[in-house]
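In the numbering used here, the protein residues as written are 10 to 106.
Ideal Cβ placement from N, Cα and C applies to all residues, glycine included.
Structure, rendered in structure tokens:
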């Protein structure tokens, strides 16, 4: 064995944990004829870095609930309309299913 002084470039992969402090809708596609709403949720850090995206489809009975007149989660909501808060309610239902 002998001593040397030679540089090598080595790729190192490191996993780190970053915390999302915000989630928002990046895409909302509604099809009233086929009775579904597709949404994409983006997760961001406090400095705006996008960490992940998740897609959801609201259809069948969840679509009917979203479009219902004055559901429990959104009193005073007219039928066939929804607000961002209504979409979040539906996303939480899907996530907790």
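Go to residue 65, then tell me how far its beta strand (DSSP E) extends in each direction, as first and last residue. 59-68
Secondary structure of residue 103, DSSP reduced to three states: helix
To the nearest angstrom, report how far apart residue 78 and residue 92 are at their CA atoms. 13 Å
Any contact between the region 12-20 and the region 28-38? By contact I mean 3 or more CB pairs, one from each, below 8 Å. no
Just mark residue 36 as buried or exposed, buried being the case when its beta carbon has 16 or more other beta carbons within 10 Å. exposed
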